[in-house]
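In this note's numbering, the protein residues as written are 4 to 228.
Notes follow the structure.
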């Protein structure tokens with residue numbers, strides 16, 4: 004079947020013979036597609052990569068999610084794995100990873116214009132109840148997203164109930180656990196328990212901004228749960 008992490012499905016548009024990506028997953032060595040019409044379909048193995056991830060620890064995760072059309076590089080053929088990611092970019096990657104149908108933007112936030120490329124994604128994340136924005140009615144799409152903020156959004160898709168003891172045990176492994184905001188303790192414990200996020204050298208680094216490589220890895224884990 005080839006490298007399952009790099010396989011993706013497409014259908015042939017008869018009007019121009021172009022290939023269009025189709026969402027779906029490989030389950031028990033079978034390709035399961037999300038289809039809404041009959042057509043001709045093809046499974047292809049992607050060889051897309053980027054020079055700046057050649058020796059990067061997240062290379063596998065980046066290439067897999069690019070193959071699945073979940074994340075994308077830049078027009079100069081770089082991925083920039085160590086760049087910090089914005090709240091809008093994170094939402095787009097998360098929604099793509101969940102393969103969720105988009106809802107239209109209806110001025111839910113005062114600082115998100117309806118014509119922005121990420122507007123429908125932000126509307127969708129709000130509709131799902133995964134993000135509420137700020138008390139002043141803003142979403143702050145261009146702010147960098149912290150690991151805490153990412154964990155809070157991600158925890159919404161993890162169906163795990165944790166006792167206070169379990170939460171304490173899960174977070175005890177991090178030497179900087181006291182830096183975790185009280186309002187995010189349970190959310191971070193959930194993503195750690197689900198192995199969606201992990202620490203680095205014994206720290207969770209809750210207040211650090213999240214990089215593109217880290218998000219590619221997180222979305223890979225979500226996609227393959």
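Think of the CB as a built atom: it goes at the ideal place given N, C-alpha and C, for glycine as much as any other residue.
Because the structure is a prediction, the values reported are computed rather than measured.
Residue i classed as buried or exposed, judged by whether at least 16 other C-beta atoms fall within 10 angstroms
| i | result |
| --- | --- |
| residue 80 | exposed |
| residue 228 | exposed |
| residue 153 | buried |
| residue 88 | buried |
| residue 67 | buried |
| residue 149 | buried |
| residue 4 | Here the model assigns residue 4 a pLDDT of 47, short of 50, so the residue's position is not dependable, and the following value carries that caveat. Exposed, because fewer than 16 other Cβ atoms sit within 10 Å of the Cβ of residue 4. |
Residue i - containing alpha helix (DSSP H), residue span
| i | result |
| --- | --- |
| residue 93 | 90-101 |
| residue 51 | It is not in any alpha helix (DSSP H) - residue 51 carries neither H nor E in the DSSP assignment. |
| residue 220 | 215-226 |
| residue 196 | 188-196 |
| residue 64 | 62-70 |
Anticipated Cβ contact below 8 angstroms, residue i with residue j, distance rounded
| i | j | result |
| --- | --- | --- |
| residue 2 | residue 143 | This structure leaves residue 2 out entirely; the chain is present only between 4 and 228. |
| residue 82 | residue 65 | 6 angstroms |
| residue 113 | residue 210 | That belief does not hold up - the Cβ atoms of residue 113 and residue 210 are roughly 26 angstroms apart, past 8 angstroms. |
| residue 69 | residue 49 | 7 angstroms |
| residue 212 | residue 147 | 4 angstroms |
| residue 185 | residue 161 | Not really, about 19 angstroms apart at Cβ, beyond 8 angstroms. |
Sequence-distant residues of its chain with Cβ nearer than 6 angstroms to residue i (five each side left out)
| i | result |
| --- | --- |
| residue 3 | Residue 3 is absent from the structure shown; the chain starts at 4 and stops at 228. |
| residue 180 | 174 |
| residue 76 | 53 and 82 |
7 angstroms CB neighbourhood of residue i in its chain, flanking five on each side removed
| i | result |
| --- | --- |
| residue 130 | 106 |
| residue 127 | 98, 103, 105 and 106 |
| residue 84 | 55, 56, 59, 61, 65, 214, 215 and 216 |
| residue 2 | One cannot answer for residue 2 here, as it falls past the ends of the chain, which runs 4 to 228. |
Contact set for residue i: own chain, Cβ-Cβ below 8 angstroms, skip 5 residues either direction
| i | result |
| --- | --- |
| residue 220 | 61 and 64 |
| residue 110 | 117 |
| residue 169 | 192 and 196 |
**Report entry** Minimum length 3: unbroken beta strand (DSSP E) runs contained in the stretch 121-166
**Finding:** As far as the stretch 121-166 is concerned, it has no whole beta strand (DSSP E) run of at least 3 residues.
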